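**Student:** In the numbering used here, the protein residues as written are -6 to 250. Don't be surprised by glycine CBs; every beta carbon is placed ideally from N, CA and C. From a predicted model like this one, the values you see are computed outputs, not experimental measurements.
So, in structure tokens, the structure goes:
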């Protein structure tokens, strides 16, 4: 540890004050450790502001700043007149990061499709291993409805999104569902672009066949076949959308509202 310089003779030794940012970080660390130590789960309330102030010897404005910081990360929820509580899993923060990357040109359609491919190949395999009969029924109903909507691009895209969300649920891993939900708007846009491109080819029916192949593998509990079917689905989509990796992929529109 670096020693603090000793005061010169005749000078007073004045303790160095911590700035508000450092103090707020202390509160953030304390609360994160408190949540972990107490095993707090979504809906559990944190200590009151007064209790935190008393425990740490830190002023209420600093404590409130720390609480706002934790709320911005999605760890806690705050409401006027109520004690802060632990938040349920929410992909809003991740959604903002990804949408901001697209909005500022740091990511494009290709990057979105590449990310989706990796996530959903693994997700489809787990869905085949873990799916319940109820989820198989739900997936089957969605795919059957999709078969009658190929000529209605917007309706088909909405059902396509529901199919992928249902697969995430069938995978029985809350993080997959959070990822798909967090990227929902961008995923729907990329799906819309894909189906529009398919509609310009004589292979439009191929889109439905690919979804039916994924469903069949998941229903059969064949994780390898489900992953392969999902990979084929994305490889076909990329081929139709891009042909090959473009030098500069078209920007992906994001609703600023």
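Give the C-beta separation of residue 261 and residue 42 to the nearest angstrom, bearing in mind that I take them to be a contact with Cβ-Cβ under 8 Å.
**Tutor:** Shown here, the chain extends from -6 to 250; a query on residue 261 therefore has no answer.
**Student:** Beta-carbon within less than 6 Å of residue 83's beta-carbon, same chain only, minus the 5 sequence neighbours each way: which residues are those?
**Tutor:** Taken in chain order, the residues that qualify are 67.
**Student:** Assuming residue 21 contacts residue 62 under a Cβ cut-off of 8 Å, what Cβ separation, rounded to an integer in Å, is found between them?
**Tutor:** Sure, about 6 Å apart at Cβ, within 8 Å.
**Student:** Mark residue 211 as exposed unless 16 or more other C-beta atoms lie within 10 angstroms of its C-beta, in which case mark it buried.
**Tutor:** It is buried - the Cβ of residue 211 has at least 16 other Cβ atoms within 10 Å.
**Student:** From residue 36 to residue 76, what distance separates their C-alpha atoms?
**Tutor:** Near 11 Å, if we compare the C-alpha coordinates of residue 76 and residue 36.
**Student:** Exposed or buried, residue 198, counting other C-beta atoms within 10 Å across all chains shown (16 or more means buried)?
**Tutor:** Exposed: under 16 other Cβ atoms inside 10 Å.
**Student:** Can you give the beta carbon distance from residue 153 to residue 171, rounded, assuming they're within the 8 Å contact cut?
**Tutor:** Actually they do not touch by this definition, with Cβ atoms about 19 Å apart.
**Student:** What separation, rounded to the nearest whole angstrom, lies between the Cα atoms of residue 39 and residue 51?
**Tutor:** Straight-line Cα distance between these residues: approximately 16 Å.
**Student:** Take residue 163 as the anchor and find which of 143, 124, 178 has the nearest alpha-carbon.
**Tutor:** Checking every option, the nearest Cα to that of residue 163 belongs to 124.
**Student:** What are the start and end residues of the alpha helix (DSSP H) that includes residue 71?
**Tutor:** Unbroken run through residue 71: none, as it is neither H nor E.
**Student:** Output yes or no for whether 8 Å exceeds the beta carbon distance between residue 150 and residue 196.
**Tutor:** Contact: no.
**Student:** Between the Cα of residue 109 and those of 215, 233, 175, spot the shortest distance and give me the residue it belongs to.
**Tutor:** Selected option, being the one with the closest Cα: 175.
**Student:** I'd like the ranges of any alpha helix (DSSP H) spanning at least 4 consecutive residues and lying wholly in the segment 119 to 158.
**Tutor:** Segments of the alpha helix (DSSP H) lying fully in the segment 119 to 158: 126 to 140.
**Student:** Assuming residue 134 and residue 219 make a contact with CB atoms under 8 Å, what is their CB distance in whole Å?
**Tutor:** That belief does not hold up - the Cβ atoms of residue 134 and residue 219 are roughly 18 Å apart, past 8 Å.
**Student:** Return the residue from the list 113, 169, 25, 194 that minimises the CA-CA distance to residue 59.
**Tutor:** Considering only alpha carbons, the answer is 25.
**Student:** Express the C-alpha separation of residue 78 and residue 111 in angstroms, rounding to a whole number.
**Tutor:** Cα to Cα, residue 111 sits roughly 34 Å from residue 78.
**Student:** In the structure shown, what three-state DSSP assignment does residue 38 receive?
**Tutor:** Strand, per DSSP.
**Student:** In angstroms, rounded to a whole number, what distance separates the CA positions of residue 167 and residue 85?
**Tutor:** When rounded, the distance between both Cα atoms is 14 Å.
**Student:** Go to residue 228, then tell me how far its alpha helix (DSSP H) extends in each direction, as first and last residue.
**Tutor:** Note, residue 228: alpha helix (DSSP H), 216 to 235.
**Student:** Quick one: what's got a C-beta closer than 6 Å to residue 113's C-beta in the same chain, skipping five residues either side?
**Tutor:** The residues are 223.
**Student:** Is the beta carbon of residue 158 less than 8 Å from the beta carbon of residue 173?
**Tutor:** The answer is yes: Cβ separation under 8 Å.
**Student:** Return helix, strand or coil for residue 99, following the three-state DSSP convention.
**Tutor:** Of the three classes helix, strand and coil, the one that applies to residue 99 here is coil, per DSSP.
**Student:** Just to confirm, are residue 106 and residue 17 a CB contact at a threshold of 8 Å?
**Tutor:** No. Outside cutoff.
**Student:** Please go through the same chain and pick out, in chain order, the residues whose beta-carbon is closer than 7 Å to the beta-carbon of residue 121, but skip the five residues on each side of it.
**Tutor:** Result list for residue 121: 210, 211, 214, 215, 216, 219, in chain order.
**Student:** Beta-carbon separation of residue 193 and residue 146 under 8 Å?
**Tutor:** Contact flag unset, no.
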